[in-house]
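Residue 1 is where the sequence shown starts when you use the UniProt record's numbering, and the numbers rise one by one after that.
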Amino acid sequence: MKMKSTYTSARILSQKSNVPIRIRKLTRKDKAKALKKVASAFKSKNPYFMVVMQPSFVQAYGSRIPVHFIKRNYIQNGQYVMLKVGDRSWEVRFVFSGKVQGSFSASSAAFAKENNLQVGDTCVF
1 MKMKSTYTSA
11 RILSQKSNVP
21 IRIRKLTRKD
31 KAKALKKVAS
41 AFKSKNPYFM
51 VVMQPSFVQA
61 YGSRIPVHFI
71 KRNYIQNGQY
81 VMLKVGDRSW
91 EVRFVFSGKV
101 QGSFSASSAA
111 FAKENNLQVG
121 DTCVF
């Protein structure tokens, strides 16, 4: 069975040359493999969820948050959340976009950029 590649519809410009580039979305198999690898190594007493970075997450739109995590932890629309890595922190806003999903605000793109997150990286929030 031949698999075709899918690409984001967003137009992204290379910072070096201002030439449009396209970034390939991850397949379900790629995402599952990345999550399995991190899940086996990560343990926490605190609530958390894992996300495999997609093109939209690392560029402008913020990371999606699983609905089960939102409901279980009583996260409210408009609530601010602090993302921390070492001694650095980023304040991002939670945005609930209907019954099926929520996300961090676009300000989380700064978090992604400053941590050099790439498509395919797995993050634990």
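Don't be surprised by glycine CBs; every beta carbon is placed ideally from N, CA and C.
Treat the numbers as computed from the prediction; the structure is a model and nothing was measured.
Taking the alpha-carbon positions, what's the Lys29 to Phe125 distance?
Near 21 Å, if we compare the C-alpha coordinates of Phe125 and Lys29.
Kindly give me the distance between the Cβ atoms of Val119 and Gln54, rounded to whole angstroms, as I take these residues to be in contact under 8 Å.
A Cβ-Cβ distance of about 6 Å is found for the pair Val119 and Gln54, placing them in contact under the 8 Å criterion.
Assuming Ser105 and Arg93 make a contact with CB atoms under 8 Å, what is their CB distance in whole Å?
The Cβ separation is near 4 Å, so the contact holds.
Please report the straight-line C-alpha distance between Gly102 and Lys84, rounded to a whole angstrom.
20 Å
Measuring only between beta-carbons, confirm whether Glu91 sits less than 8 Å from chain B.
In summary, chain B is missing from the structure at hand, where a single protein chain is found.
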